[in-house]
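In the numbering used here, the protein residues as written are 886 to 970. We treat Cβ as the ideally placed atom computed from N, Cα and C, and that holds for glycine.
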């Protein structure tokens, strides 16, 4: 049987699943809030640079397609990368 986390992976864009960790999913009335945090791995196109993660940028909220009649809100936190090269 699939876990809740595995089910979300089937429904979400592949980019989100590859580059972000799913922290939690919470229902609120007629809405579903899904929280993401960027993985602590340097993006492929910047591998040649010396980058260091320095916390997070402010969270953004993206409206996604409704799911089972619930409004879906994606809470996305991206990492703040510092170029040390």
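Start-to-end residues for the beta strand (DSSP E) that takes in residue i
| i | result |
| --- | --- |
| residue 900 | Here residue 900 belongs to no beta strand (DSSP E); instead the alpha helix (DSSP H) covers 899 to 904. |
| residue 941 | 936 to 941 |
| residue 951 | 945 to 952 |
Residue i - containing alpha helix (DSSP H), residue span
| i | result |
| --- | --- |
| residue 889 | 889 to 896 |
Beta-carbon spacing of residue i, residue j below 8 Å
| i | j | result |
| --- | --- | --- |
| residue 968 | residue 936 | yes |
| residue 958 | residue 944 | no |
As assigned by DSSP and simplified to three states, the class of residue i
| i | result |
| --- | --- |
| residue 922 | strand |
| residue 933 | coil |
| residue 907 | strand |
| residue 963 | coil |
| residue 958 | strand |
With 16 other Cβ atoms within 10 Å as the buried cut-off, status of residue i
| i | result |
| --- | --- |
| residue 919 | buried |
| residue 908 | exposed |
| residue 901 | buried |
| residue 964 | buried |
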